[in-house]
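Data block below; observations after.
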Amino acid sequence: MKFETRSIHISQEPDLSTGAIIPPVHLSTTFYQEIPGRHKGFEYSRTQNPTRRTLEEVLASLEDGNFALAFSSGCAATMAVLSILKTGDEIISSSDIYGGTYRIFEKILRQYGITTNYVFSNDPYEIKDLLNERTKIIWIETPSNPLLKLYSINDIASIKRSNTILVVDNTFATPYFQRPLNHGADIVVHSSTKYLNGHSDVVGGAVITNNEDIYQRIKFYQNAAGAIPSPFDCFLTLRGIKTLSIRMERHFENARKVYNYLKNNRFIKKVYFPDIENDEIYKRQMAGFCGMISFEFGNDYAQTEMFLKSLKIIKNAESLGGIESLICIPSKMTHASLSYEEREKRGITDNLLRLSTGIENAEDIIDDLSKAISLSMRNRLNYEI
Ligand code: PLP
């Protein structure tokens, strides 16, 4: 079965007792045991739940993985993966990552004696130089948040040590455009809050792997620590996933149009978007990009703020990957947990904006950007006069 068909049909046969085409939402917290231990595979909903199991089977199938586990947020999924580590272990991470992941590395793991070293380029040899017997995890986001850098999963997989686990956060690309397990990653992590659910109404996360030992360890943690998604959130995410393919096509198409507009606008200083015609990493591991574009606008914060205030369709808000266009200032919002110095080292300037292009009509999105740029430029000139 092809991806689009799997996203609709895998593990979602008509309900046996009623014939319902859409599987019911199983809200029950507990399940009947004829005698202790004799049951239909479900005991208590933190441990296993039928609606969550369906979501996990769909996620495993879409990532071409054997096992998947769903969590109550992307950060909960990240913590579950990191539960594999113990004091003295080290992580090598791409420097450009979601601010909340950086916060977990620095504010939670460091106090337990687990340290993270960052690589600032996408050259795998920079990772090779840092690798040692204590390196247990290499963590990359590709495309990365917020600068949209690409890392070669295959090259990094080929230089890692046998006891190092390569984790790829695939939140931005989604399995529709990139399947990291097929390129040598050991674990895929998602914030399903974003494109997978796609409608900005569920916070969720996921871990997918082919390695049974890793799966069992993270499954143990899922039950023991308990950061599971509610059955209703699983149902909504399953519903969102059914339209993932068409949404991703439209996000990508709109993003390309917006990129062409922004790169030709003389007031936009810098635009971050991959060179999809020529980028070798893109061509090797991705079948498309996503709706994300980052760019620098404004001579100072007041002008950037004026621009945000002038937007009518695109809303200034955290998060990304929903059907509606959202914009944010990473330095003040998603990446505020990094100090000014840490942001500067990474190139996250105070006038960097991160746009999540929605699936509205592209002309309306461009028109909104264009009017807000003109308005904030005009106000600036008036102010200077
Ligand atoms: N990974 C990436 C790339 C993200 O952008 C985010 C959140 O923005 C997360 C993980 C964390 O996910 P959540 O907000 O669902 O906890």
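The sequence shown stops at residue 372 when you use the numbering used here, and every number in between is there.
C-beta: ideal position from N, C-alpha, C; glycine also.
Exercise. Cβ-heavy atom distance between V190 and the ligand PLP below 7 Å?
Worked result: yes
Exercise. For the ligand PLP, any of its heavy atoms closer than 7 Å to the Cβ of T158?
Worked result: At least one heavy atom of the ligand PLP is nearer than 7 Å to the Cβ of T158, so yes.
Exercise. Under a three-way DSSP split, which group does L189 fall into?
Worked result: For the record, residue 189 in the displayed sequence is Val; it is not Leu. Residue state, collapsed to three classes: coil.
Problem set entry | Proximal residues to E30 (C-beta, below 8 Å), its chain only, five neighbours per side dropped | T17, F18, Q20
Problem set entry | Which of helix, strand or coil DSSP assigns to Y112 | helix
Exercise. Which parts of the stretch 52 to 138 are runs of the beta strand (DSSP E), unbroken and 3 residues or longer, counting only runs that do not cross its ends?
Worked result: 54 to 58, 77 to 81, 102 to 106, 122 to 128
Exercise. Relative to the C-alpha of N229, which residue among F276, M(-12), S(-6), F(-10) is closest?
Worked result: What sits at residue 229 in the sequence shown is Lys, not Asn. Measuring from the Cα of K229, the nearest candidate turns out to be S(-6).
Exercise. Count the other CB atoms within 10 Å of the CB of L153; is the residue buried (16 or more) or exposed (fewer)?
Worked result: buried
Exercise. Between N169, T336, N210, D220, which lies nearest to G192 when the distance is taken from Cα to Cα?
Worked result: D220
Exercise. What are the start and end residues of each continuous alpha helix (DSSP H) run of 4 or more residues lying completely inside the stretch 290 to 348, in chain order?
Worked result: Those alpha helix (DSSP H) runs which fall completely within the stretch 290 to 348 and span 4+ residues are 327 to 333.
Exercise. When the Cα atoms are used, what is the spatial distance from I263 to H322?
Worked result: 26 Å
Problem set entry | Helix, strand or coil at Y182 according to DSSP, with G and I counted as helix | coil
Exercise. Going by the C-beta, is C62 closer than 7 Å to any heavy atom of the ligand PLP?
Worked result: yes
Exercise. Mind pulling the alpha helix (DSSP H) runs of 4 or more residues that sit fully within the stretch 167 to 252?
Worked result: As far as the stretch 167 to 252 is concerned, its whole alpha helix (DSSP H) runs of at least 4 residues are 199 to 212, 218 to 228, 231 to 250.
For this session: Please find out if some non-hydrogen atom of the ligand PLP comes closer than 7 Å to the beta-carbon of T344.
Result: no
Exercise. Buried or exposed: which applies to S80, given that a residue is buried once 16 or more other Cβ atoms fall within 10 Å of its Cβ?
Worked result: buried
Exercise. In whole angstroms, what is the alpha-carbon distance linking G86 and S4?
Worked result: 46 Å
Problem set entry | Exposure label - Q203; buried when at least 16 CB within 10 Å | exposed
For this session: Ignore the nearest five residues each way along the sequence and tell me which others in S82's own chain have a CB closer than 8 Å to its CB.
Result: Hits under 8 Å: Y105, V106, F107, K332, R333.
Problem set entry | Assigned exposure category for S149 - 16 Cβ within 10 Å defines buried | Exposed.
For this session: Select from R330, E292, Y246, K319 the residue whose C-alpha is nearest the C-alpha of L342.
Result: Of the listed residues, the one whose Cα sits closest to L342 is Y246.
Exercise. Relative to the C-alpha of F164, which residue among L117, N210, K94, Y269 is closest?
Worked result: Y269
Problem set entry | Closest Cα partner of I233 within the set P162, D200, A214 | P162
For this session: Give the single residue among I101, I316, V45 whose Cα lies nearest to the Cα of K296.
Result: Considering only I101, I316, V45, the residue with the shortest C-alpha distance to K296 is I316.
Exercise. In the DSSP assignment, what residue or residues form a beta bridge with F164?
Worked result: BP columns for F164 are empty, so no partner.
For this session: Leaving aside the five residues before and after H186 along the sequence, list all residues of the same chain whose C-beta is less than 7 Å from its C-beta, in chain order.
Result: G227, G309, I310
Exercise. Between which two residues does the alpha helix (DSSP H) harbouring V45 extend?
Worked result: 37 to 49
Exercise. Per DSSP, which one or two residues make a beta bridge with L14?
Worked result: Paired residues: none, contrary to the question.
Problem set entry | Inter-stretch contact (C-beta, 8 Å, three-pair minimum) for the stretch 245 to 261 and the stretch 127 to 147 | yes
Exercise. Do the CB positions of L168 and G275 come within less than 8 Å of each other?
Worked result: no
Exercise. If you draw a straight line from the alpha carbon of E43 to that of A172, how long is it in whole angstroms?
Worked result: 19 Å
Problem set entry | Cutoff 8 Å; reference D351; Cβ partners in own chain excluding five residues on either side | I300
Exercise. Which first and last residues belong to the beta strand (DSSP E) in which Y259 is found?
Worked result: 255 to 259
Exercise. Using the C-alpha atoms, what's the distance from D2 back to I9?
Worked result: 8 Å
For this session: Within the same chain, show all residues whose beta-carbon is closer than 8 Å to that of S60, passing over the 5 residues directly before and after it, in chain order.
Result: So the list reads S178, T180, V190, G191, G192, A214, once near-sequence residues are dropped.
For this session: With hydrogens ignored, establish whether the beta-carbon of Y138 is closer than 7 Å to any heavy atom of the ligand PLP.
Result: no
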